[in-house]
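The structure under discussion appears below in the form of structure tokens.
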Amino acid sequence: MRKFKEFIVEKLILICGLFCILVVVLIFIFLLKEGLTLFKTVPLSHFLFGKNWYPISEPAQFGILPLILGSLLVTVGAAIISIPIGVGCAIYIAEVAPLKTKEILKAGIELLAAIPSVVLGFIGMITLVPWIKTIFKLPTGLTALSGSIMLAFMAMPTIVSIAEDALYSVPKSYKEGALALGATRWQTIWRVELSAASSGILAAVMLGIGRVIGETMAVMMITGNSAVIPTSILEPVRTLTATIAAEMGEAVVGSEHYFALFAIGIVLFLISFAINVTADMFLHKK
Amino acid sequence: MNIYKRRKIINAFMCSATFICATITLLPLISIFIYVLSKGASSLNISFFTHLPRPVGEPGGGMGNAILGTLTLIGLTCLWAIPVGVLSGVYLAEFGNNKFGAVVRFSADLLNGVPSIVIGIFAYILFVVPMKTFSALSGAFALGLIMIPTVMRTTEEILLLVPRTIREAALALGISQFRMTISIVLKTALPGIVTGILLAIARIAGETAPLLFTALGNEFWQRGIMQPIAAMPLQIFAYAISPFDDWHRQAWAASFVLITIIFLMNFISRLVIYLQRKSLKAK
Chain A
1 MRKFKEFIVE KLILICGLFC ILVVVLIFIF LLKEGLTLFK TVPLSHFLFG
51 KNWYPISEPA QFGILPLILG SLLVTVGAAI ISIPIGVGCA IYIAEVAPLK
101 TKEILKAGIE LLAAIPSVVL GFIGMITLVP WIKTIFKLPT GLTALSGSIM
151 LAFMAMPTIV SIAEDALYSV PKSYKEGALA LGATRWQTIW RVELSAASSG
201 ILAAVMLGIG RVIGETMAVM MITGNSAVIP TSILEPVRTL TATIAAEMGE
251 AVVGSEHYFA LFAIGIVLFL ISFAINVTAD MFLHKK
Chain B
1 MNIYKRRKII NAFMCSATFI CATITLLPLI SIFIYVLSKG ASSLNISFFT
51 HLPRPVGEPG GGMGNAILGT LTLIGLTCLW AIPVGVLSGV YLAEFGNNKF
101 GAVVRFSADL LNGVPSIVIG IFAYILFVVP MKTFSALSGA FALGLIMIPT
151 VMRTTEEILL LVPRTIREAA LALGISQFRM TISIVLKTAL PGIVTGILLA
201 IARIAGETAP LLFTALGNEF WQRGIMQPIA AMPLQIFAYA ISPFDDWHRQ
251 AWAASFVLIT IIFLMNFISR LVIYLQRKSL KAK
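Line by line, the protein sequences give chains A and B. The numbering used here applies: residue 1 is where the first sequence begins, and numbers increase by one. The numbering used here applies: residue 1 is where the second sequence begins, and numbers increase by one.
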């Protein structure tokens with residue numbers, strides 16, 4: 001009886017261990033099953049490089065180039081803002097700050113990560129969007145720039161906490177060696193610690209970017225949602241995630257439009273897969 | 001200017017630059033909290049917690065259904081995601097020190113990185129399309145997929161902190177490895193695991209995207225888990241994008257309540273995890 005119980009528990013634990021693998025595979029299979037149906041009628045090149053996303057006009061056009069560029073523009077903007085500030089903040093926490101400040105900062109950053117994106121989006125809509133509108137004298141403040149700024153704050157906690165971990169795990173002897181040779185604190189950080197922690201910091205950046213690309217609610221609320229190819233960062237854009245969120249509710253199950261949204265899901269899945277593989281490589285390169 | 005002076009100036013300048021970076025990172029957190037507090041607190045009253053939403057134009061009303069809905073969704077999610085998450089964490093900590101464990105770990109990280117909207121549409125085709133109805137159940141499924149990786153990795157981390165000596169002592173007394181895992185190691189690590197769960201709950205409480213096509217939202221009190229259900233993040237979203245001032249006020253109040261809940265959970269769990277680590281390391 002006891003043996004039997006143990007057998008059950010053992011198998012249960014094993015099954016749970018398998019669960020994550022199973023779910024990831026299932027997600028991919030289901031996305032493929034629905035998404036690939038689209039390519040029976042729409043060629044892949046039209047889907048990826050088509051310049052028009054008119055899913056409900058006659059004839060419908062399913063080119064996701066504007067959406068990809070929209071996601072890319074918002075992401076690059078957010079990366080430009082969040083990477084230097086995030087890494088700077090990580091350096092401050094790991095190397096410069098006194099112990100007490102360090103604890104407070106770490107707790108604060110974890111709280112920042114916990115703010116729901118729908119609340120951030122709402123705040124962005126009410127405060128940031130009108131500011132952008134008046135500062136740049138635009139017809140609308142719902143632009144890629146507003147999205148980038150808001151998303152930068154969402155990527156920051158990820159970047160800071162992983163980069164800080166990486167800096168923290170640099171052996172103390174490196175730092176002591178550099179300081180003993182007469183390097184200033186900054187020279188130690190810049191020449192020794194940053195390069196020793198570089199792979200961890202790159203992983204932090206990748207995962208931060210991953211968070212930005214996958215973000216849906218805030219982006220949908222403040223980037224204006226117009227599916228045209230953007231020519232500047234001060235124009236409304238629409239991202240891949242926001243397209244699914246905005247249109248899935250209206251798409252008829254089994255229609256081309258529905259399959260196209262799942263095909264976008266495949267693209268998003270592949271992007272997050274690539275980002276995680278890269279980050280994993282950086283993290284385990286030791 | 002000699003080189004020593006220059007080095008000192010650069011050092012001081014760059015170190016203060018990192019301080020400015022830290023300030024820029026934290027400033028929005030503080031300002032967001034103050035902003036939501038100032039906007040939301042004034043709209044809070046008893047009826048906000050007990051009443052149903054009113055149509056546009058009628059003042060008053062509340063979000064009782066959304067608050068109850070969020071609690072129901074969290075409860076349903078915990079029901080299945082906690083056992084799966086904790087057990088898979090146990091698997092990783094106790095038996096995951098091999099190639100297969102690495103694959104499990106990677107897929108957990110990947111699941112954590114998959115955009116939440118993609119998880120939403122996955123739950124949509126798995127539950128909503130075959131059942132032909134939006135439901136609390138499908139929402140809880142989607143939220144569970146977001147919760148599991150977090151619970152799993154924190155459980156693993158905490159279990160690995162349990163000292164070897166405790167395991168060895170248990171094994172030396174002649175109990176089997178599974179018995180040891182379940183009744184000794186899990187028990188020792190319980191406070192840590194609970195805090196990991198609290199953190200994961202705080203994370204899913206604010207998730208909106210996976211609920212859009214699963215729980216859907218509901219204007220009325222819920223009528224069972226096979227029916228659409230209201231949730232606070234969904235309600236905040238619906239009210240935030242509406243043009244009505246009254247609805248905006250309600251959305252601020254809901255944001256305030258949601259953020260307060262999430263902050264409190266974070267705070268409690270950090271505190272417990274801090275104490276737990278301290279006592280485990282002291283042993």
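Built from N, CA and C at the ideal position, the CB exists for glycine as well.
How is the alpha helix (DSSP H) around Phe13/B delimited, first residue to last?
Segment 3-41, the alpha helix (DSSP H) holding Phe13/B.
Using a 10 Å radius around the Cβ and a threshold of 16 neighbouring Cβ atoms, would you call Trp131/A buried or exposed?
exposed
Which of the three DSSP states, helix, strand or coil, is assigned to Gln187/A?
helix
Helix, strand or coil for Phe19/A? Go by DSSP, reduced to three states.
helix
To the nearest angstrom, how far is it from the Cα of Ile201/B to the Cα of Ile74/B?
7 angstroms
Label Val219/A either buried or exposed according to how many other C-beta atoms from any shown protein chain fall within 10 Å of its C-beta, with 16 as the threshold for buried.
buried
So, helix, strand or coil for Ile109/A, using DSSP?
Taken through DSSP and simplified to helix, strand or coil, Ile109/A comes out as helix.
At least one CB of chain B closer than 7 angstroms to the CB of Ser169/A: is that the case?
no
Who are the Cβ neighbours of Leu143/B in its own chain at under 7 angstroms, not counting the five residues just before and after it?
Answer for Leu143/B: Leu73, Thr77, Ile204, Glu207, Pro210, listed in chain order.
Kindly indicate if chain B contains any beta-carbon less than 7 angstroms away from that of Gly63/A.
no
Does Ala293/A get closer than 7 angstroms to chain B when you measure Cβ to Cβ?
As shown, chain A starts at 1 and ends at 286. That puts residue 293/A outside it, with no answer to give.
If you draw a straight line from the alpha carbon of Val76/A to that of Phe134/B, how long is it in whole angstroms?
36 angstroms
Any contact between the stretch 141-156 of chain B and the stretch 85-97 of chain B? By contact I mean 3 or more CB pairs, one from each, below 8 angstroms.
yes
Gly86/A: which of Pro116/A, Leu202/A, Ile8/A, Ile244/A sits nearest, CA to CA?
Residue Leu202/A is the option with its Cα nearest to Gly86/A.
Kindly say whether Gly224/B, judged by its beta-carbon, lies nearer than 7 angstroms to any beta-carbon of chain A.
no
Of all the CB atoms in chain A, is at least one closer than 7 angstroms to the CB of Pro115/B?
yes
Anything in chain B within Cβ reach of Ala107/A, meaning under 7 angstroms, just list it in chain order.
Residues of chain B passing the Cβ test: Arg270.
Under 8 angstroms Cβ to Cβ from Ile81/A, same chain only, skipping five residues before and after it: list those, please.
Ser148, Ile149, Ala152
Might you give, ordered along the chain, the residues of its own chain that have their beta carbon closer than 8 angstroms to the beta carbon of Phe47/A, omitting 5 neighbours on each side?
Leu38, Phe39, Phe62, Gly63, Ile64, Ala260, Ala263
What's the call for Arg191/A, buried or exposed, on a 16-neighbour Cβ count within 10 Å?
Arg191/A should be labelled exposed.
Tell me which residues of the stretch 240-254 of chain B have at least one Cβ-Cβ distance to chain A shorter than 7 angstroms, keeping chain order.
Ala240, Ile241, Ala251
With distances taken Cα to Cα, identify the nearest neighbour of Ile68/A among Gly254/A, Arg238/A, Ala246/A, Glu256/A.
Closest option to Ile68/A, Cα to Cα, is Arg238/A.
Please determine, among Phe213/B, Pro228/B, Thr214/B, the residue with the shortest C-alpha to C-alpha distance to Phe220/B.
Pro228/B
Determine the chain B residues that contact Glu235/A at a beta-carbon separation under 8 angstroms, and present them in chain order.
Here the premise fails: no neighbours, minimum Cβ distance about 20 angstroms.
Hey, out of Lys106/A, Glu215/A, Val277/A, Thr241/A, whose CA is closest to Ala78/A's CA?
Glu215/A
From Met125/A to Thr278/A, what does the alpha carbon distance come to, in whole angstroms?
Rounded to the nearest whole angstrom, the CA to CA distance from Met125/A to Thr278/A is 34 angstroms.
Within 6 angstroms: the Cβ of Val194/B and any heavy atom of the ligand GTP?
In terms of ligand content, the structure shown is empty, and the ligand GTP therefore cannot be addressed.
What residues from chain A crowd round Thr8/B, counting only those whose CB sits closer than 9 angstroms?
The residue asked about is misnamed: residue 8/B is Lys in this sequence, not Thr. Here the neighbours are Thr184.
Rounded to the nearest angstrom, how far is the Cβ of Thr158/A from that of Glu235/A, given a contact under 8 angstroms?
That pair is no contact at about 27 angstroms.
I want to see whether chain B comes within less than 7 angstroms of Glu250/A, judged by CB atoms only; does it?
no
Let me see if you follow: with CB-CB separation under 7 angstroms, is Ser148/A close to chain B or not?
no
What is the DSSP secondary structure of Gln250/B, reduced to helix, strand or coil?
helix
Comparing alpha-carbon positions, which option in Val74/A, Cys16/A, Ala97/A lies nearest Trp80/B?
Comparing alpha carbon positions, the residue from Val74/A, Cys16/A, Ala97/A closest to Trp80/B is Cys16/A.
At a Cβ threshold of 7 angstroms, is Ser272/A touching chain B?
yes
Please tell me whether Ala230/B and Asn65/B are closer than 7 angstroms, where the distance is taken between their beta carbons.
Yes.
Taking the alpha carbon of Leu297/A as the point to measure from, which residue in Gly182/A, Ile266/A, Gln187/A, Asn276/A has its own alpha carbon closest?
With chain A running from 1 to 286 in the structure shown, residue 297/A is simply not present.
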